[in-house]
Amino acid sequence: MANDLTRLAARIADLERRFAQQTRTSQLAYSSIENGALDVYDEDGSLRAVIGQQPDGTTAVNIVNAPPPPTPSQPTVTPVLGGVSATWEGVFTDAPAPPLDFARIEVHAATLDNFIPTPTTLRGTFESPLGSTLTIPTDQPLYVRLLARNTSGTASAPSAQSGPVSPAPVVAQEVLDGIVDETALADNAVSQAKLRIGAVGHNQLAIGTGNLMPDPSFEGAFTEQLVAASAEWRLTEGNGSPRGLRVDGTSSEPTSRSLLITELAVSPGDRFFLAFDYRASADWAGDSLRLYLRWQDAAGTVLGYGTAIATPIPGADWARTSQQVQAPAGTVAATVWLQNFQATVGTADFDNAQVRTVIGAGMVLAESIGTLELAAESVTGEKIVADTITAREVKALSLTGDEIATNTLTARHIAAGSLSASRLAIGTTGNLVGDPSYETGVIAAAIEGKEEYAVEDGGNNSAKCLRITPAAGTYRWLQHATSPMLPGDRYWIAADYKTTTDFTGASVKFFLGFYDATGTRLGSDGISVSAPVTDGTWQRLSKIITIPANATQGNVRIGVDGNGNETTTGSAYFDNLECRAVLSTPGGGARAELSPQGLRLYDASGDEAVSLTTGTPNYLTLTNNGTAVATINQDGNTGVGDLSVAGRLIIAGDPIETYLSGFARGLVAIDYQATSITAGTTDYGFVELSFDADTSRMYRVVLDCYADPSASGGELILALKDGGSNTPSISSPQIQSAIYPLPTAGYRRIHLETIRSGAAFGAGLHRLLVTFRCQNGPSGQTVRLFGGSNHPGVMYVEDLGPYIPETGQYNTGGGTTTPPKKTYTKTYSASWSGSYANRGSYNSYYGNKCLQGYYSSTNGMQASLIGFPSALATDLSGATIQKAEVYLYFDHWYYNSGGKAVIKAHKHTSRPSTFSSDSEAKTISWGKNVGKWVDITTVFDSTSWRGIALDPNNSDKTYYGRAQGVGQTYPPKLRVTYTK
């Protein structure tokens, strides 16, 4: 009775305490919205927001029924090329600042005065309340108005209207095509001196119907419709283009699989030029790949075929073939086909297909004859019938200023109307240096007879280069043609140079000289290399130069300067000169510069903030109101504010979950007991608790509660049963037990515990049941297990961390027992690495770098070996490998999206001269510039392995990549977990 009163008093005190806490606690402190939403109303009862689950099933904060935002100020509209520019200054007519629920400013334009903004007049938006500028393409005058919208979609009143404003003209009316004809030119008015090099190219003097092949690079919707109707044809990566066509040739017998592209109207005798790029997979077997025209008469009868045929080398890189064909008599139409002819296995790829008509002049193939096909002075004026060659008959880019002698082309030689704006080009390639690779003969002719200068064979990826031999106390230089320039403009100059290995006593110089309108030299700017590289390899020089005040023209000068030296030896070579305009915002502060090197952005102080260039370190700084908020430096190190990662977060090669998995996860299931269950001498269930077991983890299961026997004597038997995924019962398998003597009646605390691996449990759901009974006590004895509100019983399952193998053993204490096994995890840095060409001999060209896969026939199918120190063999001797992982950093893949690494094991203790490895492999997808740890236990499963191999033995470019090796920033590592 006393015990009951005590429990009742404790219960009342507990209720009073809870009631006091409840009255002092916020009503929403521990509240949540379950599968619903919370509506927010204003003082008038209007719904203003919905927080939680929305009608469409999404979860969000949805702002509704907001008042209209203020009216934006009148836009400023100005003409630009091809359209008009609309600018908003970030000001509102009826508010000093933007509302807090500001969403955007809509820009509306129309040709009608006083138009009303509608969805059809929307031309763009400004997302910032600070203002912005939008260019609106148009060929007619426009009126412009602005609308503001808030986050609930409510629009403001339209702004005041601006306009009409017309687009700026591209070309002044006074110089439109056709204004200047032959009669307006005096004799000798147009000469070589008046034509800038590259100003008249073959594109300006050629005609043609163009490519008759629709979607020749297979990148558009036209091709998508074609392959959608064919099971064997599909899209793949192209040759220098995003897409190509691939056909599967797999067949039990030789089969020709064709794809109809289009149909052309053709006349008898018409000639066509056919060409296409092709390649075949390494396992391809067939007769040929074809692009053909099927000739048909008016009745649709097939008259024959005109075919371009290619016989591919299986597994080789892209190649190209071409053929000229002629329509037979009676032809009125031709269908265009691609075909994988008589193939049985493998795939074939097509790209960049051409079907072009062959133009007149005796049916000469379009673009087949240029200056390179004609011997010097083999075609002269007296060899050409009058009026037989006009701009139509000249091959594109074959006739430039270099091919026209001084004063040979005058106004009387140009037919009226044949030379118009469409026939003239300025800076066709953008390079202001004439004969930049010394291959046209212009420079060679200019230096003829000067022994210290010579155009010689063997340029840097070109046929020719210029040699200059230095002399003591002399500056020898060569100046290229002059080009017009404007003060303040920026130009990027670049050149390749190399020297002989015995080159001494002179510096290498590369300059851009400046001249005023009278031809007076104002100075120069450029690069002087006082200590040139003398190992015989080509080096690249480049610099961005600003044209000074009063300069109207400039030219490029290269040379070797022996001034100040008593002796000189060797020679210097130059090739691939460039002088190109840099697209830049005027001024020296905040600006953007786009040059052949890439893109540079400068902040308000004129400091370089973004560099995305080739040949120099790249880095990126993001700013907000002049303050740097994020940076990626040239080493790839990144500093940011908040970081949200939607995918995987990898740290030092390991996903963050790898680090987290090394810690205990704590409680995974728990139950409290506040009531009692009574049992006699037969097993009776007390508490069930379920959890999901992970075979890679360790678990502890605990029961801790009170026991109260009805009489003294006997024992309490506790058992832990595992029902697996089924309902547990007293007959379920027992996994632990405990026995407690019951010497006296009354309360006592009892404890049941087991530590067990997830592998021992088995993966998946486990329903655990605690059973109990009493035994060997007085007749009629019972026992109850219980807890109370202020002394609860508890049962829980706890995650203790990753799986730990059992390494202990019995020891009688006699001092002769073998030490117990221990688990080790050790990391080994690679001690050697290297690449092997054609999966054969070591390729010293790449040093310690690790290449895999096929790029070209130069090195063939490449593979790599990576070895680790002798400590690995010592540690693994007599050990059992639990897990093996390798860290690799791939800094290059053929595709920007990444590739696939194929990892094998080997037994080499040092770098061998020829390649060999185990055949068992593991293939893992990898990103570019990604270093990570990967599990290779399935291939590194023997204690005899000493390293890994990268060996895809597959010509697919997906497998061509390069991993960093020993001595580089992120070298390979091996991490082995073993017991010994």
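Residue numbers for the sequence shown follow the numbering used here, beginning at 1009 and rising by one. Don't be surprised by glycine CBs; every beta carbon is placed ideally from N, CA and C.
Are three or more beta carbon pairs between the segment 1571-1580 and the segment 1472-1481 nearer than 8 Å? yes
From which residue to which residue does the beta strand (DSSP E) around Glu-1051 run? Here residue 1051 refers to the residue found at position 43 of the sequence shown. No beta strand (DSSP E) holds Glu-1051; DSSP gives it neither H nor E.
Boundaries (first-last residue) of the beta strand (DSSP E) holding Ala-1342: For this step, residue 1342 is matched to residue 334 along the sequence shown. Counting along the chain, the beta strand (DSSP E) containing Ala-1342 begins and ends at 1341-1351.
Have a look at Gly-1809 and Arg-1705 and give me their C-alpha separation to the nearest angstrom. Translated into the one-based positions of the sequence shown, residue 1809 becomes position 801. Translated into the one-based positions of the sequence shown, residue 1705 becomes position 697. Cα to Cα, Gly-1809 sits roughly 6 Å from Arg-1705.
From Pro-1145, Asp-1295, Glu-1097 and Leu-1494, residue whose alpha carbon lies closest to that of Leu-1089: Taking the sequence shown and counting its residues from 1, the one referred to as residue 1089 is at position 81. Checking every option, the nearest Cα to that of Leu-1089 belongs to Pro-1145.
Less than 8 Å between the beta carbons of Lys-1834 and Ser-1843, yes or no? Translated into positions along the sequence shown, residue 1834 becomes position 826. Translated into positions along the sequence shown, residue 1843 becomes position 835. Result no, Cβ atoms of Lys-1834 and Ser-1843 do not sit closer than 8 Å.
Who are the near neighbours of Pro-1717 in its chain, counting only those whose CB is closer than 6 Å to its CB and skipping five residues on each side? Along the sequence shown, read from residue 1 onward, the residue named residue 1717 stands at position 709. Hits under 6 Å: Leu-1750, Ala-1753 and Val-1791.
Is the Cβ-Cβ distance between Phe-1280 and Thr-1365 less than 8 Å? Within the sequence shown, numbered from 1, the residue matching residue 1280 stands at position 272. Within the sequence shown, numbered from 1, the residue matching residue 1365 stands at position 357. In contact: Phe-1280 and Thr-1365 (Cβ atoms closer than 8 Å).
Straight-line Cα distance separating Leu-1016 from Asp-1022: On the sequence shown, position 14 is the one that residue 1022 refers to. On the sequence shown, position 8 is the one that residue 1016 refers to. Looking at the two C-alpha atoms, the distance is approximately 10 Å.
What is the residue span of the alpha helix (DSSP H) that Asp-1305 lies within? Mapped onto the sequence shown, residue 1305 falls at position 297. No alpha helix (DSSP H) holds Asp-1305; DSSP gives it neither H nor E.
Which ranges would you report for the alpha helix (DSSP H) in the segment 1519-1555 if only whole runs of at least 4 residues count? none
Residue closest to Thr-1987, alpha-carbon to alpha-carbon, out of Val-1115, Lys-1908, Glu-1723 and Thr-1815: Here residue 1987 corresponds to residue number 979 of the sequence shown, with the count starting at 1. Residue Thr-1815 is the option with its Cα nearest to Thr-1987.
Let's test the definition: count the other Cβ atoms within 10 Å of the Cβ of Ala-1612 and tell me whether it reaches 16, buried, or not, exposed. As a first step, residue 1612 is located in the sequence shown; it is residue number 604 there, counting from the start. Exposed is the call here.
What is the rounded straight-line gap between the Cα of Leu-1549 and the Cα of Lys-1936? In the sequence shown, counting from the first residue as 1, residue 1549 sits at position 541. In the sequence shown, counting from the first residue as 1, residue 1936 sits at position 928. Taking the straight line from one Cα to the other gives about 29 Å.
Per-residue DSSP class, three states only, for Thr-1128: Position 120 of the sequence shown, counted from the first residue, corresponds to residue 1128. Helix.
Do three or more CB pairs link the segment 1691-1705 to the segment 1648-1658 at distances below 8 Å? no
The alpha helix (DSSP H) spanning Leu-1220 covers which residue range? Within the sequence shown, the letter at position 212 stands for residue 1220. Counting along the chain, Leu-1220 falls outside any alpha helix (DSSP H), and DSSP gives it neither H nor E.
Please report the distance separating the alpha-carbon of Gly-1785 from that of Gly-1721. What you label residue 1785 is simply residue 777 of the sequence shown in a count that begins at 1. What you label residue 1721 is simply residue 713 of the sequence shown in a count that begins at 1. About 5 Å.
For the beta strand (DSSP E) that Ala-1957 lies in, which residues bound it at each end? Along the sequence shown, read from residue 1 onward, the residue named residue 1957 stands at position 949. Per DSSP, Ala-1957 belongs to the beta strand (DSSP E) from 1955-1958.
Closest to Arg-1254 by C-alpha separation, out of Val-1085, Arg-1242, Asn-1247 and Gly-1246, would be which residue? Counting from 1 along the sequence shown, the entry for residue 1254 is found at position 246. Of Val-1085, Arg-1242, Asn-1247 and Gly-1246, the smallest CA-CA separation from Arg-1254 is found for Arg-1242.
Could you check where the beta strand (DSSP E) with Asp-1497 kicks off and where it finishes? The residue labelled residue 1497 in the question sits at position 489 within the sequence shown. Per DSSP, Asp-1497 belongs to no beta strand (DSSP E) and is neither H nor E.
Under 8 Å: do the segment 1134-1143 and the segment 1091-1101 share three or more Cβ pairs, one atom per stretch? yes
In three-state DSSP terms, what is Ala-1453? Working through the sequence shown from its first residue, we reach residue 1453 at position 445. Helix at Ala-1453.
With DSSP collapsed to three states, give me the class of Arg-1153. Your numbering for residue 1153 matches position 145 in the sequence shown. Three-state DSSP puts Arg-1153 in a strand.
Could you check the C-alpha separation between Ala-1164 and Gln-1148 for me, to the nearest Å? The residue given as residue 1164 occupies position 156 in the sequence shown. The residue given as residue 1148 occupies position 140 in the sequence shown. The sequence given here has Ser at residue 1164, not Ala. Computed Cα separation, rounded: 28 Å.
Would you tell me roughly how many angstroms separate the C-alpha atoms of Lys-1506 and Thr-1545, rounded to the nearest one? For the purposes of this step, residue 1506 is taken as the residue at position 498 of the sequence shown. For the purposes of this step, residue 1545 is taken as the residue at position 537 of the sequence shown. In a straight line, the C-alpha of Lys-1506 is about 6 Å away from that of Thr-1545.
Just how far apart, CA to CA, sit Gly-1161 and Gly-1770? In the sequence shown, the residue the question calls residue 1161 occupies position 153. In the sequence shown, the residue the question calls residue 1770 occupies position 762. Each residue's alpha carbon lies about 55 Å from the other.
C-alpha distance - Val-1115 paired with Met-1221, whole-angstrom precision: For the purposes of this step, residue 1115 is taken as residue 107 along the sequence shown, with counting starting at 1. For the purposes of this step, residue 1221 is taken as residue 213 along the sequence shown, with counting starting at 1. In this structure, the straight-line span from the alpha carbon of Val-1115 to that of Met-1221 is close to 40 Å.
Based on DSSP bridge pairs, tell me the residues matched to Phe-1358. One-based indexing of the sequence shown puts residue 1358 at position 350. In the DSSP output, where bridge partners are listed per residue, Phe-1358 has Leu-1253 and Tyr-1286.
Given a cut-off of 8 Å, decide if Tyr-1286 and Pro-1320 are closer than it, judged by their beta-carbon atoms. The residue given as residue 1320 occupies position 312 in the sequence shown. The residue given as residue 1286 occupies position 278 in the sequence shown. Yes, Cβ-Cβ distance for Pro-1320 and Tyr-1286 is below 8 Å.
Could you check the C-alpha separation between Ala-1424 and Ala-1598 for me, to the nearest Å? Counting from one through the sequence shown, the residue named residue 1424 turns up at place 416. Counting from one through the sequence shown, the residue named residue 1598 turns up at place 590. For Ala-1424, the pLDDT reaches just 49, beneath the cut-off of 50, and the residue's location in the model is therefore unreliable, leaving the point undetermined.
Tell me the DSSP secondary structure of Thr-1231 in three-state form. Within the sequence shown, numbered from 1, the residue matching residue 1231 stands at position 223. Reduced to three states, the DSSP call for Thr-1231 is helix.
Closest by C-alpha distance to Val-1909, when choosing among Tyr-1499, Ala-1971 and Leu-1880: The residue labelled residue 1909 in the question sits at position 901 within the sequence shown. The sequence given here places Ala at residue 1909; Val does not occur at that position. Cα-wise, what sits closest to Ala-1909 is Ala-1971.
What are the start and end residues of the beta strand (DSSP E) that includes Ile-1685? Here the question's residue 1685 lines up with position 677 in the sequence shown. Its beta strand (DSSP E) spans residues 1684-1687.
In or out: Val-1310 buried (at least 16 other Cβ within 10 Å) or exposed? Within the sequence shown, residue 1310 is the residue found at index 302, counting from 1. Burial call: exposed.
Can you tell me whether Ile-1944 is buried or exposed, with buried defined as 16 or more other CB within 10 angstroms of its CB? Mapped onto the sequence shown, residue 1944 falls at position 936. The residue is buried, with at least 16 neighbouring Cβ atoms inside 10 Å.
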